[in-house]
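Residue numbers (this note's numbering), protein chains in the order written: chain E, 1 to 410; chain U, 411 to 638.
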């Protein structure tokens, strides 16, 4: 009966009904699609952040920001492999710690070609922390490589492609700074937005002990740590600064002595920014929907006028205000939900179509748009509110008619 | 049906109704005194504008008198709230209109369901009652038909079944045969007589002189007064 009721209204006001449902569909599509794209982009960005490392903190020696104990300001602080071990031993809150040496001065050679790429010397924990996951058939550096200073190298996927083309590099021998190295693994392709010294896919990585033996560096370029789950990294930073103050003799409060890059914090900030952006998009979409609510109200006012006799009849049969009001409310909500359902379906269709595009064309850049439950729920709430208010005022007018006059109405 | 008792059902005392719109005052009813007992069949006649529809509206609790008292089965209607009036219309009065006033989008069954839903009757009980009364008016086979699929006489029968489902004290019929051919009209009048024989109180407005000629109790109204 309910569908016949709506259908009758559709027949009575074809054009107006089509336009109004069209407006609700349009509003719902815009709100849902905007949010789906926002969500997809957010996930892509966070995935990109995690390409650098999932909730890692990168730190390194800076310059003292204030004079301390007779020592001048601007003194260079440099961290070593020993400091990495001190840090690991002193802070049980840390799940894993690694350190990294870098040099640009060691070219990779293969056959007659040479490639000048960044060379990193790292401890084995680096692989998981910095998302250097090996492709099938290879592996990352391990403890034995580190202990025996093995001449083994792990290659970024882009670098491997430019050196070896399509053939399998694992087991091949290359030279680094003229010395032979065996390729033990190639990195899996990953999304990386945050980086230092270029993207990881174009770097080569060897054991820190091997690096140290070859180049004799005293200081590491950076230490990377990841806290245990539940530990707030921003509270850890001043403690780490204070921890090294005694050894390097700087003010424990000196925030410039050691720099920190909290990658997890980046992710939090990004989430906040996206929440703001999505909220704004939701607001714009809700405004579009609001205008379609005016259309619904218009239809309902016409319906109230055309159904005056029917309202009178219902009152004669004992119908009360609430019965009359509920009928119009339900109808307005029905129109809002019809349009909303069509709109959400249309969005699923559009997203399915986008998925047919090659990833380079769209999804590598903007991510995969995703319709989330939360935003859909909010959209449904907005639709409900709009349906309610656009039905309520016409319904109130309907309920206030005089039954005697309504029954006489032609 | 409550019509079997011998008591007074309706008591109108000095009813006056005045409509005012702007400067114009229309005295639609003047000093109406009328008593109707349970189980009566009363026929109201009078020219257009005589006030019979106004009287019907007051009897049907759709309108209230400007002056006077209206007791319906002992209750003083003028003192009731809008809510109570709606409840009285629902439980005590069954309306039958000249142009049927069926909901065009609802089947015969669903049309009969409307007053029951307003009255808060349970679904199972609704089905039983509607089946009973639609069978009584001879439409058992047409319960699932929409009004557009029914003839005028059949639509009026649906309306009568709808008026009966809440077991009212009183059926108010406002020119129920006015839009029907004489054959269907006769059938409707016979149906009312049959219902009245079963104890239902019926008040009917008519223009049909044949119907009026056979009326058991006939009331004439002219210029807002009962003339005979």
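Idealized CB from N, CA, C, for every residue including glycine. Keep in mind the model is a prediction, meaning the values are calculated, not measured.
Short Cβ contact (8 angstroms threshold) for residue i with residue j
i: residue 170/E; j: residue 183/E; result: yes
i: residue 135/E; j: residue 186/E; result: yes
i: residue 217/E; j: residue 78/E; result: no
i: residue 156/E; j: residue 200/E; result: yes
i: residue 632/U; j: residue 483/U; result: no
i: residue 119/E; j: residue 206/E; result: yes
i: residue 208/E; j: residue 122/E; result: yes
i: residue 401/E; j: residue 340/E; result: no
i: residue 472/U; j: residue 316/E; result: yes
i: residue 519/U; j: residue 565/U; result: no
i: residue 36/E; j: residue 295/E; result: no
i: residue 29/E; j: residue 343/E; result: yes
i: residue 503/U; j: residue 578/U; result: yes
i: residue 231/E; j: residue 84/E; result: no
Three-state secondary structure (DSSP) of residue i
i: residue 440/U; result: strand
i: residue 441/E; result: Nothing can be reported for residue 441/E, as the shown portion of chain E is limited to 1 through 410.
i: residue 213/E; result: helix
i: residue 638/U; result: coil
i: residue 218/E; result: coil
i: residue 301/E; result: helix
i: residue 532/U; result: coil
i: residue 628/U; result: strand
i: residue 53/E; result: coil
i: residue 654/U; result: Since the first residue of chain U shown is 411 and the last is 638, residue 654/U is not available in this structure.
i: residue 22/E; result: helix
i: residue 326/E; result: helix
i: residue 76/E; result: strand
i: residue 618/U; result: coil
i: residue 493/U; result: helix
i: residue 134/E; result: strand
i: residue 227/E; result: strand
i: residue 68/E; result: strand
i: residue 122/E; result: strand
i: residue 42/E; result: helix
i: residue 285/E; result: helix
Burial state of residue i (16 or more Cβ within 10 Å)
i: residue 373/E; result: exposed
i: residue 592/U; result: exposed
i: residue 414/U; result: A caution first: residue 414/U carries a pLDDT of 42, below 50, which makes its placement in the model unreliable, though a value can still be read off. Result: exposed.
i: residue 545/U; result: exposed
i: residue 105/E; result: exposed
i: residue 180/E; result: exposed
i: residue 253/E; result: exposed
i: residue 611/U; result: buried
i: residue 358/E; result: exposed
i: residue 575/U; result: buried
i: residue 132/E; result: buried
i: residue 55/E; result: buried
i: residue 429/U; result: exposed
i: residue 561/U; result: exposed
Limits of the alpha helix (DSSP H) - the one that residue i falls within
i: residue 418/U; result: Looking at the DSSP string, residue 418/U is not in any alpha helix (DSSP H); the run it does join, the beta strand (DSSP E), is 418-431.
i: residue 237/E; result: 233-248
i: residue 81/E; result: 81-90
i: residue 207/E; result: Segment 204-207 is the beta strand (DSSP E) holding residue 207/E; no alpha helix (DSSP H) there.
i: residue 116/E; result: Residue 116/E -> no alpha helix (DSSP H), and no H or E assigned at all.
i: residue 153/E; result: Where residue 153/E is concerned, there is no enclosing alpha helix (DSSP H), although the beta strand (DSSP E) it sits in stretches over 152-155.
i: residue 126/E; result: 126-129
i: residue 173/E; result: Not the alpha helix (DSSP H): residue 173/E falls in the beta strand (DSSP E), residues 173-176.
i: residue 262/E; result: Looking at the DSSP string, residue 262/E is not in any alpha helix (DSSP H); the run it does join, the beta strand (DSSP E), is 258-262.
i: residue 145/E; result: 143-147
i: residue 170/E; result: Element bounds for residue 170/E: n/a, residue is neither H nor E.
i: residue 255/E; result: Taken as a continuous stretch (DSSP letters only), residue 255/E belongs to no alpha helix (DSSP H), as it is neither H nor E.
i: residue 403/E; result: 403-408
Where the beta strand (DSSP E) through residue i begins and ends
i: residue 181/E; result: 179-186
i: residue 513/U; result: Careful: residue 513/U lies outside any beta strand (DSSP E) and carries neither H nor E.
i: residue 194/E; result: From DSSP, residue 194/E is part of no beta strand (DSSP E); its letter is neither H nor E.
i: residue 506/U; result: 503-506
i: residue 100/E; result: 94-103
i: residue 109/E; result: 108-110
i: residue 313/E; result: Element bounds for residue 313/E: not the beta strand (DSSP E) but the alpha helix (DSSP H), 308-316.
Where residue i meets chain B, residues with beta-carbon distance less than 9 angstroms
i: residue 493/U; result: Annotation note: the requested chain B is absent from the structure, which comprises protein chains E and U.
Open item on the list: At 3 residues or longer, what runs of the beta strand (DSSP E) sit wholly inside the region 443-477 of chain U?
Closed with: 451-455
### Message
What ranges does the beta strand (DSSP E) occupy inside the region 543-611 of chain U, keeping only unbroken runs of at least 3 residues that lie completely in it?
### Response
580-584
Give the list of continuous alpha helix (DSSP H) stretches no shorter than 4 residues that lie fully inside the region 348-393 of chain E.
363-366
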